[in-house]
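Protein chains in written order, with our numbering: chain C, 1 to 263; chain X, 264 to 526. All remarks here apply to the structure that follows.
Structural data, given as C-alpha cells:
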C-alpha cells in the first residue's frame, strides 16, 4: 500500500513526532511504500494567494477558484503545489496527522488543503450525464480521488468526557466533520475513522506503548477497515438542492443525518 | 464602540474587499473607532512555531502551550503577536471576516488565532475558587475577554439549501460552531450570530445593495444584539467532567445541546 503521510507539528521531539516516526517505520516493515510531507520542515506556505499562479496577469482581479482552475489545467501552478498533488495522485491512502489546535487543524495544514486541493482536482468537477446548466457536481463520494482512502491522526489534550457526545467542546467526531466530510469525502476519498489520542498532557511509557500498539493495528488494517458511512451525493439520497430527502435521517439530527443508517 | 476588524482575503478587488471597506466606513460614520488587521496585506505568518518565542532556548524541546505561557507572562512573545493582542484588548467588538474555504477559515486567519490567542490570555486560566488540583478552567463564557463581543462575517458560494439544516455540506451554523463556540466563546467573548452571505458566485448590484443595507443594520446594532445563547461552563450546566448534566438538552442533539433552551 502506498501511503502519503502529511504531518503538521513544529517540534520533532514531541508525541506527534514520535508517532510519525513509529507510523512510517511500521508501514515500511509491512512492505508499504511511504512519502512524507513534513509541513513545518518544508516551511510550507499556508496562505493561498496570487503567488500560487506565477504566470497569472496580476493587474486583473484574482478570483481564486477561477485562477486555480486555469493554472491547474494549463500546468502553471506553483511548483510546490504541483509536487503535493503528484503525491496525492500517487498514494492509495493519505493520512493527515496533527495536534488539534482550537478544535481544528493547525493553520499550516489548513493551508496545505487550501492550496493543494485545486479546482479541477478536488472540486469543480461536474458529471455531464446529470441534467442542469452545468451538470451535477462530482463530490461527496465522487471525484478524482474516488477509490483512495484517507484517515486523520489527531492528538489533543482534551479529555474523553469533554470531547464526548455530551462534552462541552462538542463531540470530537462532529468537530472533525468539516475535515472528514467537508474536505476528504468531498474530494472523493473513502474516509476511515480517525485515530484519536485524547488526554495527551502527561503520557507515560505504558500508555505510549498502548497507543503505538493500537496505531500499528489500525495502520495494518487501513486498506480494508470499514469507512465512515457518509452518504454519496449522487446516489439518490439528496434532491436537486442537495438537501437530504425527507425521512432518511431516522432519529438523527445535526451532522449525523449525513451518515447512512446502519441496520 | 471600538471595533477590531480582522480581514482575510487575498484580493482587494473582491466582494470581501468591498464589504470590508463598506463596513469600516459605516462604523466610522456612526462615530465608532476601528482598527484593521488585513492579514494578507500584513503578510501574516500563520505557522505557530518556535519563531513565536524569540528568546526561548531552542536546544530544549518546545511544548507550544507551555512556551506560549512563559513568553506571554514574561513579555517575550514575538512583536507581531503582541501587537495583535493589544488590538484585542483595546476593542469592544472583534469581527472576523473571511470567505469560507473548505468549510472553515482560510489558513492565514486560522494562523492568526493559533498564534495570537496565547496561553494566559485566551486559554489556560483557572479560577482558584473552584475545587480540584488546579481549579476549574475559566473558559466558555469566562476569561479575559468576558464583556467583549465577537461576530463572524462569512461569504460562501454555497447555497442556502446546501448549507441549511438538511443540506449536504452540513448546517452552516454547525460548521461555524468550532469557531464561534470553540474559539470565541471559549476565550470569553459574547458571540453574536454571524453575518452570512451565501451564494456569492454572481452578485448583481441590486443584491449587493441589499447585502450592504443588511450589514449596516447589523453593525449599528452589534453592541446590543442578542448573542448566540451558548451555555456557560461554570454556571451549573456542566459536571466536573465538563459533560452536560442529564436532561438539560431537551430534544436537541449534536452541537445544539450547548445552547440554552429558549422559553
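Where a beta carbon is used, it is the ideal one built from N, C-alpha and C, also for glycine. Note that the coordinates shown come from a computational prediction; the quantities given were computed from them, not determined experimentally.
Exercise. Return the bridge partner residues of residue 266(C) from the DSSP annotation.
Key: For residue 266(C) there is no data in the structure shown, the boundaries of chain C being 1 and 263.
Quiz item: Is the shortest distance between the beta-carbon of residue 396(X) and the beta-carbons of chain C less than 8 angstroms?
Solution: Note on residue 396(X): pLDDT 47, under 50, position unreliable in the model; the coordinate value appears next. Output row for residue 396(X): interface = no.
Exercise. Please name the residue in 99(C), 195(C), 145(C) whose C-alpha comes closest to that of residue 151(C).
Key: For the residues 99(C), 195(C), 145(C), the minimum Cα distance to residue 151(C) belongs to 195(C).
Quiz prompt | Residues in the region 31-44 of chain C having any Cβ partner in chain X nearer than 9 angstroms | solution = Cβ contacts with chain X come from 39, 40, 43, 44.
Quiz item: For residue 412(X) versus residue 311(X), is the C-beta distance shorter than 8 angstroms?
Solution: Not closer than 8 angstroms, so no.
Quiz item: Three-state secondary structure (DSSP) at residue 268(X)?
Solution: strand
Exercise. Over the uninterrupted beta strand (DSSP E) stretch that includes residue 196(C), give me the two end residues.
Key: Residue 196(C) -> beta strand (DSSP E) spans 195-197.
Practice problem: Tell me, to the nearest whole angstrom, how far the beta carbon of residue 92(C) is from that of residue 2(C); I am working on the premise that it is less than 8 angstroms. | Solution: 5 angstroms
Quiz item: So with Cβ pairs under 8 angstroms, would you call residue 444(X) a contact of chain C?
Solution: yes
Quiz prompt | Alpha-carbon to alpha-carbon, residue 137(C) and residue 408(X) | solution = 43 angstroms
Practice problem: Name, going along the chain, the residues of the region 328-342 of chain X whose beta-carbon falls closer than 9 angstroms to a beta-carbon of chain C. | Solution: 328
Quiz item: Would residue 301(C) be called buried (16 or more neighbouring beta carbons within 10 Å of its own) or exposed?
Solution: For chain C, the structure presents residues 1 to 263; residue 301(C) sits outside this window and is missing.
Quiz item: Does the beta-carbon distance from residue 168(C) to residue 496(X) come in below 8 angstroms?
Solution: Yes. Within cutoff.
Quiz prompt | Proximal residues to residue 188(C) (C-beta, below 7 angstroms), its chain only, five neighbours per side dropped | solution = Contacts found: 141, 142, 143, 144, 145, 146.
Self-check item: Own chain partners of residue 180(C) with C-beta closer than 6 angstroms, once the 5 adjacent residues on each side are dropped
Solution: 191
Exercise. May I ask you to verify whether the region 118-128 of chain C touches the region 214-229 of chain C, counting CB pairs closer than 8 angstroms and requiring at least 3?
Key: Of all C-beta pairs linking the region 118-128 of chain C to the region 214-229 of chain C, fewer than three are shorter than 8 angstroms, placing the two stretches out of contact.
Quiz item: DSSP on residue 412(X), reduced to helix/strand/coil?
Solution: Secondary structure of residue 412(X) (DSSP, three-state): strand.
Quiz item: Looking only at C-alpha atoms, which of 98(C), 32(C), 71(C) sits nearest to residue 197(C)?
Solution: 98(C)
Practice problem: Below 6 angstroms CB to CB, which residues in the same chain sit around residue 370(X) once its five sequence neighbours on both sides are set aside? | Solution: 309
Quiz item: Count the other CB atoms within 10 Å of the CB of residue 325(X); is the residue buried (16 or more) or exposed (fewer)?
Solution: Residue 325(X) comes out buried.
Quiz item: Whose Cβ in chain X lies nearer than 7 angstroms to the Cβ of residue 235(C)?
Solution: Per Cβ cutoff of 7 angstroms: no residues; residue 235(C) is ~12 angstroms from chain X at best.
Exercise. Below 6 angstroms CB to CB, which residues in the same chain sit around residue 174(C) once its five sequence neighbours on both sides are set aside?
Key: 255
Quiz item: By DSSP, does residue 114(C) sit in helix, in strand, or in coil?
Solution: helix
Exercise. Using the DSSP secondary-structure output, state which residues sit across from residue 359(X) in a beta bridge.
Key: According to DSSP, which records beta bridges pairwise, residue 359(X) is partnered with 269(X), 415(X).
Self-check item: With 16 other Cβ atoms within 10 Å as the buried cut-off, status of residue 55(C)
Solution: exposed
Exercise. Determine the direct distance from the alpha carbon of residue 323(X) to that of residue 10(C), and round the result to whole angstroms.
Key: 13 angstroms
Quiz prompt | chain C contacts made by the region 361-381 of chain X, where a contact means CB separation under 9 angstroms | solution = For chain C, the residues of the region 361-381 of chain X that bring a beta carbon within less than 9 angstroms of one of its beta carbons are 362, 364, 365, 366, 367, 368, 369, 370, 371, 372, 373, 374, 375, 376, 377, 378, 380, in chain order.
Quiz item: Which chain D residues sit within Cβ distance under 7 angstroms of residue 153(C)?
Solution: As a matter of chain content, chain D is missing from the structure shown, whose protein chains are C and X.
Quiz item: Which two residues bound the contiguous beta strand (DSSP E) that contains residue 296(X)?
Solution: 296-301
Quiz item: For chain C, is any of its Cβ atoms less than 8 angstroms away from the one on residue 521(X)?
Solution: Closer than 8 angstroms: yes.
Quiz item: Given that residue 238(C) touches chain X, what residues does it touch there, using C-beta distances under 7 angstroms?
Solution: 431
Quiz prompt | Cβ neighbours of residue 225(C) in the same chain (closer than 6 angstroms, five flanking residues each side left out) | solution = 192
Quiz item: Mapping DSSP to helix, strand and coil, what is residue 339(X)?
Solution: In the three-state DSSP reduction, residue 339(X) falls in the coil class, being neither helix nor strand.
Exercise. Closer than 6 angstroms by C-beta to residue 462(X): which residues in its own chain qualify, once you throw out the five before and the five after it? Chain order, please.
Key: 422
Quiz item: residue 59(C) CB to nearest chain X CB: under 8 angstroms?
Solution: Chain X contact via Cβ: absent.
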